[in-house]
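These notes are about the structure you will find just below.
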């Protein structure tokens, strides 16, 4: 009888041991699961970090683009300035041309004046000629008078001869 009890007891003990083992196994499994979870979390974190990095890169790219745009704008401004300068130059040229035209006009006026002067001179010459003609006429008249006088004298002489 006692022997049987011992056997039963032993069996029970064995069962308990087995249970304990099972429990231990379960615990181990749980631990493993926990580890796995931790790993997963780590992976997630890594992914997050990667994403952050990507975002940073994107931001950098955006910044670069902005810079490029700024540069483009600067270039545009420069071009505008150049255009303005060109316009100014054109205006200057126009002004120069105007000045030249004015000068030409002045020259023309001078020429006109010269022509007028020449005309005046011609007129003076004509007047002189007229005066000369008048003088000649006077001379002729004087000559005629002299001739008349001579004739009178001759007549007087003839009268004396008769007388």
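Numbering (UniProt numbering), first residue to last: 1 to 163. Quick reminder that beta carbons are idealized off the backbone N, C-alpha and C, glycines included.
The C-alpha of residue 97 is placed about 30 Å away from the C-alpha of residue 117.
Distance between residue 107 and residue 81, taken at the CA atoms: about 39 Å. When the Cα atoms are used, residue 68 and residue 62 turn out to be separated by approximately 10 Å. Residue ranges of uninterrupted beta strand (DSSP E) with 3 or more members are absent from the segment 74 to 102; none lies entirely inside it.
The C-alpha of residue 92 lies about 29 Å from the C-alpha of residue 73.
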